[in-house]
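**Q** Quick one: this structure, given as structure tokens, is what I'll be asking you about.
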Amino acid sequence: MTGLEGAIVEFFESMGLLNLSVGNVIMILVGLTLIYLAVRYEMEPLLLLPIGISAVLVNLPLSHIANWPIAPTLPEGMEENIFATISYLNQQYGPPGLFDLIYYLLIKTEVVPLLIFFGLGAMTDFGPMIADPKTALLGAAAQIGVFIAMLTAVALGFTLKEAASIGIIGGADGPTTIYLTTKLAPHILGATAVAAYSYMSLVPLIQPPVIKALTSREERRIRMEQLRPVSKREKVIFPIVAMIVIGLLVPTAAPLVGMLMIGNLFRESGVVERLSKAAQEELMNIVTIFLGLGVGSTMRADSFLTAQTLEILALGVVAFASATAGGVLLGKVMMKVSGGRINPMIGAAGVSAVPMSARVVQRMASEEDPGNFLLMHAMGPNVAGVIGTAVAAGVLLSVLG
Amino acid sequence: MTGLEGAIVEFFESMGLLNLSVGNVIMILVGLTLIYLAVRYEMEPLLLLPIGISAVLVNLPLSHIANWPIAPTLPEGMEENIFATISYLNQQYGPPGLFDLIYYLLIKTEVVPLLIFFGLGAMTDFGPMIADPKTALLGAAAQIGVFIAMLTAVALGFTLKEAASIGIIGGADGPTTIYLTTKLAPHILGATAVAAYSYMSLVPLIQPPVIKALTSREERRIRMEQLRPVSKREKVIFPIVAMIVIGLLVPTAAPLVGMLMIGNLFRESGVVERLSKAAQEELMNIVTIFLGLGVGSTMRADSFLTAQTLEILALGVVAFASATAGGVLLGKVMMKVSGGRINPMIGAAGVSAVPMSARVVQRMASEEDPGNFLLMHAMGPNVAGVIGTAVAAGVLLSVLG
Amino acid sequence: MTGLEGAIVEFFESMGLLNLSVGNVIMILVGLTLIYLAVRYEMEPLLLLPIGISAVLVNLPLSHIANWPIAPTLPEGMEENIFATISYLNQQYGPPGLFDLIYYLLIKTEVVPLLIFFGLGAMTDFGPMIADPKTALLGAAAQIGVFIAMLTAVALGFTLKEAASIGIIGGADGPTTIYLTTKLAPHILGATAVAAYSYMSLVPLIQPPVIKALTSREERRIRMEQLRPVSKREKVIFPIVAMIVIGLLVPTAAPLVGMLMIGNLFRESGVVERLSKAAQEELMNIVTIFLGLGVGSTMRADSFLTAQTLEILALGVVAFASATAGGVLLGKVMMKVSGGRINPMIGAAGVSAVPMSARVVQRMASEEDPGNFLLMHAMGPNVAGVIGTAVAAGVLLSVLG
Amino acid sequence: MVSVSEFVEGLNITVLGVTVVFAVLTILALVLYFVGWLERRLVEKETPAPTPTPVFTEAKPEEKPVIPPRDLAVITAAILAYTAEKAAQLRPLPFRRKVSDSWRLYGLQTQMEDVEDFNYEIGKW
Amino acid sequence: MVSVSEFVEGLNITVLGVTVVFAVLTILALVLYFVGWLERRLVEKETPAPTPTPVFTEAKPEEKPVIPPRDLAVITAAILAYTAEKAAQLRPLPFRRKVSDSWRLYGLQTQMEDVEDFNYEIGKW
Amino acid sequence: MVSVSEFVEGLNITVLGVTVVFAVLTILALVLYFVGWLERRLVEKETPAPTPTPVFTEAKPEEKPVIPPRDLAVITAAILAYTAEKAAQLRPLPFRRKVSDSWRLYGLQTQMEDVEDFNYEIGKW
Ligand code: NA
Ligand code: NA
Ligand code: NA
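Have a look at this one:
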């Protein structure tokens with residue numbers, strides 16, 4: 012009966028419980044916190060719930076659902092070759108778990124962020140921006156937050172590549188953050204993705220104090236003229252023109268902006284409803300599942316439980332606040348120039364986080380003056396902010412990538 | 012005109028009809044039988060129809076839809092490296108057909124069985140088990156059938172790895188059977204998968220005689236108290252707790268149980284209906300198609316047409332019957348201990364085959380006493396049986412894998 | 012401040028606008044034309060819109076959405092090995108863009124065309140052909156156009172492999188054209204795919220003059236007897252029988268015909284509605300998106316902007332016209348043999364382009380005699396044409412592949 | 129420019145291809161005639177006995193509840209009118225409808241009202 | 129033929145496996161009992177105060193518009209009759225219905241009427 | 129700790145980045161103004177002639193069947209009431225409803241009633 016006893020001893024030794032590290036326990040608690048926030052307060056549940064639960068799963072020791080490291084040390088010249096990399100990882104660390112396949116084949120190859128952008132394009136109505144193109148500038152101004160956060164991160168000792176990935180959190184754009192971080196600093200992907208999605212949920216908390224500090228009551232009460240109607244033809248031409256203009260000026264932003272605009276063309280053309288619906292629903296849902304699971308699987312104790320992660324979370328607030336400030340300040344300039352016909356608050360919507368920040372602006376306007384409807388005006392900077400962040404990511408990629 | 016004549020002769024020589032072996036013909040007939048059972052008697056049509064038709068297709072000679080062998084002889088050290096394996100197979104056997112890609116990239120990497128478990132989690136209501144946790148033990152007892160069938164298989168001369176894959180048929184859980192067989196004994200995948208799904212359809216034939224033989228009429232007439240209601244909070248906590256508990260105790264079961272519980276959390280959280288729906292429908296349907304086609308493509312004459320296959324089919328009946336007996340016998344023990352407040356028949360539902368075996372129990376109860384409603388009580392062991400089988404598979408993997 | 016100036020200069024130098032070639036501009040205009048045709052005239056929008064917009068995107072210089080060449084020069088012996096190929100391309104040309112992954116992993120492996128055929132099978136009702144099997148011959152006669160166009164292409168100096176890919180345009184079957192061209196002459200994939208889908212839209216323009224030239228007014232006025240009803244059993248048996256018959260006779264056509272018939276069996280069996288719906292909708296929509304983007308991404312200036320492309324477009328018209336003629340001429344023979352009970356126009360529907368050419372026949376019949384209903388009779392040759400083209404592709408593959 | 133041998137090979141392929149296509153579809157047609165003949169024989173055999181799947185085609189009419197046809201016509205017309213009305217109301221406003229739909233999902237954010245309410249409450253700004 | 133050592137190892141695995149399966153599910157059951165006990169304690173605490181999510185369960189009945197039950201019954205019956213009728217009308221014709229659906233999509237071509245109209249107009253043949 | 133050269137490079141990147149973002153969005157805005165101007169010119173040209181897609185917006189109202197508005201109101205109200213009633217009935221029971229849905233599909237087994245009936249019949253136990 013020693014064979015059996017041996018087997019039992021061996022089984023206990025390979026039991027996850029006895030291999031649980033303090034780091035694992037903390038990460039499991041972090042995952043549970045994300046689940047709690049997602050379920051109880053509905054903070055971006057579509058992403059924080061999958062991220063949270065897969066963070067729990069990958070931190071159960073020896074579970075074989077994620078066997079490969081997130082930022083492995085590779086032989087010379089292999090880093091750029093994803094197919095050589097996965098074959099090497101398989102040789103070194105054994106067969107891939109499901110989450111390794113999701114991370115290396117779908118996230119690291121940028122397939123998932125780009126398909127999310129494709130779906131977002133199919134969901135987005137750029138009408139408010141087409142009706143009032145000058146609001147696009149407010150979407151540009153909000154990107155100042157990206158660079159302020161980046162400089163602060165450099166000042167805190169992060170490398171430029173890490174700092175850029177942290178700064179882009181201020182773009183309030185989940186897929187762009189994941190796209191850039193995967194390319195520049197994959198070891199902090201978990202932290203930047205969680206920061207981006209968490210703060211997007213907290214926009215109604217972060218923005219109002221900043222807006223109030225920078226505007227007077229009179230400014231917040233400014234009413235704006237109704238937007239002109241936009242024809243179907245303009246809506247169809249917009250994604251094509253935007254893709255060409257941005258693609259020619261900032262080629263590194265072309266994949267992101269290109270997929271966004273292809274999705275938008277599918278939506279506005281009106282002749283491919285099957286595909287537009289698929290981009291928004293079937294494909295989007297499946298891709299979102301893989302995005303959440305893949306990002307969550309990067310939240311391992313060794314790369315996540317560092318002082319850096321706390322700094323990244325703090326820098327995220329800096330990024331969001333300074334982005335809001337940038338938008339509002341340009342809003343004030345435009346208010347002056349236009350002779351008071353522009354409400355500076357709509358600049359705050361330039362951080363994107365669509366449509367949360369536009370709704371914040373609307374709510375603050377209603378509080379001062381219940382008859383003031385700014386939502387559609389705030390939507391212009393709001394969608395422009397998505398494009399602006401993609402362009403900013405393109406510049407960072409072209410300089411640092 | 013000799014060029015033309017030559018071409019014609021060559022064409023005839025490469026014609027499938029003239030290369031048809033007896034094995035091919037038999038396998039085509041097997042495939043047609045599966046199709047007939049699926050269409051005429053609706054036996055698990057969602058899997059047996061795709062399996063049957065692709066078994067027909069891969070046995071048409073030279074058809075290039077499946078060019079690679081299922082259990083190839085690989086160079087030293089390549090077995091564990093899936094990426095090196097497919098590159099090697101491509102070199103040896105030519106470009107992959109569609110079914111090779113499905114089998115090697117989706118089935119062999121366990122992507123498909125795990126995604127099926129994810130979808131099943133999103134479809135499953137664990138409420139009855141949460142309401143009456145002691146029924147979980149009945150789900151454990153039914154796993155005895157797995158081990159009895161395994162021992163019988165060893166006694167018949169199967170290797171331990173094959174025997175374990177055969178035993179798990181008694182778990183009445185298609186994806187778990189495919190998961191374990193792919194890892195331990197891929198050359199008998201066709202036989203075990205077909206056995207698992209066929210007998211799941213035949214549960215209403217296999218179980219009643221066993222249940223009747225082991226219970227008296229009075230025992231079958233026992234009524235049970237209504238289950239307590241289960242709160243939403245408990246339902247949300249359950250998948251998280253189950254994942255952590257099982258993951259820490261049996262890490263090798265973590266991928267299966269983890270994906271099942273992630274799916275269930277998506278379902279019960281109520282905040283990610285888009286994703287829960289996608290897991291149950293879009294993703295599930297697509298994955299089921301690939302599962303059926305991939306499993307069917309393993310039904311080649313050389314690996315399927317052996318005496319072993321008949322033995323496996325016979326052992327499947329042993330597995331299902333002994334699993335039923337295990338459940339019922341523990342049911343009788345629990346009946347005694349509880350002073351007759353538990354109907355021993357609900358133990359039979361522990362084989363899972365959700366919800367077929369629970370319905371068998373309900374039907375047998377109604378026959379003895381039309382006012383006896385056991386369905387919900389039988390659902391507890393039923394869903395516990397899914398977890399139990401995954402745990403049993405985990406143990407087998409950790410010892411033999 | 013020289014660092015900044017240097018960065019600016021560098022940024023401008025890597026700007027797409029300054030790297031734009033004349034070829035890029037022309038290709039962008041071609042892409043815009045396809046978009047215009049798709050949106051304004053709804054010419055096959057489900058494919059020409061994605062093809063057009065991705066042709067625009069890949070021709071924005073340095074955009075990193077498609078980094079690898081379409082028809083690369085590979086080291087000896089690597090051509091047949093897709094996995095070695097992508098690893099080599101990654102090494103030579105850098106990490107894959109999204110469109111490279113779509114093209115090399117989904118189009119070049121034939122996954123997408125075969126899944127489209129699967130979905131088409133689930134959408135197709137072969138009832139009219141089952142009701143009147145002799146109409147299948149008209150679907151065969153229309154394939155003469157494939158071979159006439161092939162011979163013309165050879166006469167114009169194309170290689171046999173290119174000529175076969177061009178000829179198959181006359182089959183009026185997008186996925187078959189893509190399937191064959193990918194295998195035989197991938198460098199002209201863009202041209203043949205665009206030709207196939209464009210002319211499928213122009214069938215109502217191309218066919219009527221040919222039909223009118225070959226038939227008299229009396230012939231066009233021939234009415235046909237109503238088709239006999241087809242039982243469910245016959246519809247279920249059909250895909251199985253067709254798969255086996257064609258698979259045994261022309262193994263190289265087995266993948267295409269096999270997937271078509273699996274899809275059709277899912278449809279007609281009536282027991283797997285979930286899967287049939289998934290094949291027609293979820294999976295079909297997603298696959299169609301990738302097909303359009305992947306094909307469009309092959310439209311690069313260097314391979315598309317050649318005199319060959321114009322020749323291919325011209326040959327496409329030859330193919331469609333001669334296919335129509337072939338069908339009508341056999342129709343006239345069958346009219347004679349049957350003693351005037353067959354309207355020769357239904358032969359024109361044999362080019363497939365389902366259901367466009369059948370509708371053309373119906374419309375021409377109604378014009379001569381408003382009470383003449385030929386639609387269902389034309390559907391027989393129409394669906395037979397799909398099978399005929401797949402068989403023709405199989406023959407070309409077996410001789411040239 | 130054109131190699132004669134290539135053209136001849138093309139001709140050979142053409143002869144082979146046309147023959148095979150016709151042969152295959154002819155065989156398929158013959159098989160289908162045979163299947164149809166089998167089907168008719170089977171049906172003839174089955175007709176004295178109840179047809180194998182009569183439930184689907186016959187059961188339905190019996191399920192039809194008996195209500196006066198005039199009443200049914202009125203109600204049906206009313207419902208159709210209502211549906212048409214509803215469809216007509218929706219059609220002229222695709223823009224608005226799409227907007228609300230899309231914004232709700234954009235940024236992968238659902239049910240943000242509740243989130244905001246929560247945030248506004250705990251923020252008290 | 130059968131190696132005795134393999135069978136003994138199989139027995140060992142069986143003992144281990146059955147033990148682990150029972151142990152794991154027993155622990156899970158105990159945890160669930162504990163969660164259930166916690167839940168009851170929490171609910172007891174919460175009951176004096178308004179329940180945390182009463183909106184969903186209580187609000188609904190109040191929304192119910194007050195219309196005479198007899199009228200409601202009549203209309204409901206009529207609508208059900210209409211629906212049943214509609215279902216009955218559709219069921220006997222799956223063939224036709226499927227046809228139109230499938231042809232419309234086949235060849236990936238949607239809304240071909242418009243295309244044809246365009247083509248016929250510009251073609252003028 | 130912080131390298132000054134890194135910070136200076138960060139500043140350079142910031143200047144470049146902010147400039148590019150503003151430049152790109154300014155150019156985009158100018159293009160959009162131009163497109164809008166073109167659109168207005170095109171519309172002006174087109175207005176005397178019938179608008180290009182009038183079918184969609186104008187055809188609908190004409191389709192509306194003429195029935196007395198009072199009747200329509202009554203029926204509509206009744207249907208809305210019925211729908212509300214139905215929704216109210218479903219909402220309090222999400223648990224049950226989900227259950228039946230899920231069990232039916234679980235184990236990938238559909239329409240198991242028929243299978244069971246078949247099995248019970250041939251089994252005769
Ligand atoms: Na942004
Ligand atoms: Na089980
Ligand atoms: Na054809």
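So the protein lines, in turn, are chains H, U, R, F, Z and B. First residue of the first sequence: 12, per this note's numbering; consecutive thereafter. First residue of the second sequence: 12, per this note's numbering; consecutive thereafter. First residue of the third sequence: 12, per this note's numbering; consecutive thereafter. First residue of the fourth sequence: 129, per this note's numbering; consecutive thereafter. First residue of the fifth sequence: 129, per this note's numbering; consecutive thereafter. First residue of the sixth sequence: 129, per this note's numbering; consecutive thereafter. All C-beta atoms, glycine included, are put in the ideal place defined by N, C-alpha and C.
From Ala207 (chain U) to Ile113 (chain U), what does the alpha carbon distance come to, in whole angstroms?
**A** The straight-line gap from Cα to Cα measures roughly 20 Å.
**Q** Where does Leu8 (chain H) fall in DSSP's three states?
**A** Because chain H here runs from 12 to 412, residue 8 (chain H) falls outside it and cannot be looked at.
**Q** Kindly confirm or deny that the region 150-161 of chain B and the region 394-409 of chain H touch, where touching means at least three C-beta pairs closer than 8 Å.
**A** Yes, the region 150-161 of chain B touches the region 394-409 of chain H.
**Q** Thinking just about the alpha-carbon of each residue, which of H:Gly105, H:Leu85, H:Asn78 and H:Trp79 is nearest to the one in Glu91 (chain U)?
**A** Taking only the C-alpha atoms, the option nearest Glu91 (chain U) is H:Gly105.
**Q** Got a sec, what are the start and stop residues for the alpha helix (DSSP H) Thr154 (chain Z) sits in?
**A** Note, Thr154 (chain Z): alpha helix (DSSP H), Val132 to Glu174.
**Q** How about Asp111 (chain U): is its Cβ closer than 7 Å to a heavy atom in ligand 3?
**A** No.
**Q** Taking the Cβ atom as the reference point for each residue, do Pro139 (chain H) and Gly391 (chain H) lie within a distance shorter than 8 Å?
**A** The answer is yes: Cβ separation under 8 Å.
**Q** Are the Cβ atoms of Ala160 (chain R) and Val306 (chain R) separated by less than 8 Å?
**A** For Ala160 (chain R) and Val306 (chain R), no; Cβs fall outside 8 Å.
**Q** So does Ser212 (chain H) have its beta carbon nearer than 7 Å to some heavy atom of ligand 1?
**A** Ser212 (chain H): no, Cβ never under 7 Å from ligand 1.
**Q** Relative to the C-alpha of Gly132 (chain U), which residue among U:Met235, U:Phe277 and U:Ile255 is closest?
**A** Nearest C-alpha to Gly132 (chain U): U:Phe277.
**Q** Is any heavy atom of ligand 3 found at a distance shorter than 7 Å from the C-beta of Ser368 (chain R)?
**A** No, the Cβ of Ser368 (chain R) stays beyond 7 Å of every heavy atom of ligand 3.
**Q** At a cut-off of 7 Å, would you count Asp143 (chain U) as near ligand 1, judging by its Cβ distance to the nearest heavy atom?
**A** Every heavy atom of ligand 1 is 7 Å or more from the Cβ of Asp143 (chain U), so no.
**Q** What's the C-alpha gap between Pro144 (chain U) and Ala289 (chain U)?
**A** For Pro144 (chain U) and Ala289 (chain U), the distance between alpha carbons rounds to 30 Å.
**Q** Output needed for Gly34 (chain H): all residues of its chain with C-beta closer than 6 Å, excluding positions within five of it in sequence on either side, in chain order.
**A** So the qualifying residues of the chain are Ala312 and Leu316.
**Q** Which word fits Thr84 (chain R), buried or exposed, when buried means at least 16 other C-beta atoms lie within 10 angstroms of its C-beta?
**A** Label assigned to Thr84 (chain R): exposed.
**Q** Leu191 (chain H) by DSSP, collapsed to three states: which one?
**A** Three-state DSSP puts Leu191 (chain H) in a helix.
**Q** Below 9 Å on C-beta distance, what does Leu277 (chain Z) contact in chain H?
**A** Past the edges of chain Z, shown from 129 to 253, lies residue 277 (chain Z), and the structure says nothing about it.
**Q** Where do the N-terminal and C-terminal ends of the alpha helix (DSSP H) with Tyr210 (chain H) fall, by residue?
**A** Segment Leu200 to Ser212, the alpha helix (DSSP H) holding Tyr210 (chain H).
**Q** Is Thr400 (chain H) close to ligand 1? I mean its beta-carbon at under 7 Å from any heavy atom of the ligand.
**A** Yes; taking the cut-off as 7 Å, the Cβ of Thr400 (chain H) has a heavy atom of ligand 1 nearer than that.
**Q** Is the beta carbon of Ser209 (chain H) within less than 7 Å of some heavy atom of ligand 2?
**A** Every heavy atom of ligand 2 is 7 Å or more from the Cβ of Ser209 (chain H), so no.
**Q** Using a Cβ cut-off of 8 Å (strictly closer), state whether Thr175 (chain B) contacts chain H.
**A** False, the Cβ-Cβ gap to chain H never drops below 8 Å.
**Q** Out of H:Ser409, H:Val348 and H:Val365, point me to the one whose CA is closest to Thr135 (chain H)'s CA.
**A** Taking only the C-alpha atoms, the option nearest Thr135 (chain H) is H:Val365.
**Q** Kindly say whether Val132 (chain F), judged by its beta-carbon, lies nearer than 8 Å to any beta-carbon of chain R.
**A** Answer no: the Cβ-Cβ gap between Val132 (chain F) and chain R never drops below 8 Å.
**Q** Measure the C-alpha to C-alpha separation of Val174 (chain R) and Ala264 (chain R) and round it to an integer number of angstroms.
**A** Here residue 174 (chain R) turns out to be Ala, not Val, going by the sequence shown. Distance between the alpha carbons of Ala174 (chain R) and Ala264 (chain R): 19 Å.
**Q** When you compare the region 336-347 of chain H with the region 148-164 of chain H, are there three or more beta-carbon pairs, one atom per stretch, that lie closer than 8 Å?
**A** Yes: at least three Cβ pairs fall under 8 Å.
**Q** Rank H:Val283, H:Glu284, H:Ile273 and H:Phe301 by C-alpha distance to the C-alpha of Leu286 (chain U) and give the top, closest one.
**A** Nearest of H:Val283, H:Glu284, H:Ile273 and H:Phe301 to Leu286 (chain U), Cα basis: H:Phe301.
**Q** Indicate, with yes or no, if ligand 5 has a heavy atom lying under 7 Å from the CB of Ala183 (chain H).
**A** Summarising the ligand content, the structure contains ligand 1, ligand 2 and ligand 3 and does not contain ligand 5.
**Q** Buried or exposed: which applies to Ala253 (chain H), given that a residue is buried once 16 or more other Cβ atoms fall within 10 Å of its Cβ?
**A** Buried, because 16 or more other Cβ atoms sit within 10 Å of the Cβ of Ala253 (chain H).
**Q** Please state the DSSP three-state secondary structure of Ile297 (chain U).
**A** If DSSP states are grouped into helix, strand and coil, Ile297 (chain U) belongs with the helices.
**Q** Would you give the residue range spanned by the alpha helix (DSSP H) that Val415 (chain R) belongs to?
**A** Since the first residue shown for chain R is 12 and the last is 412, residue 415 (chain R) is missing from the structure and cannot be characterised.
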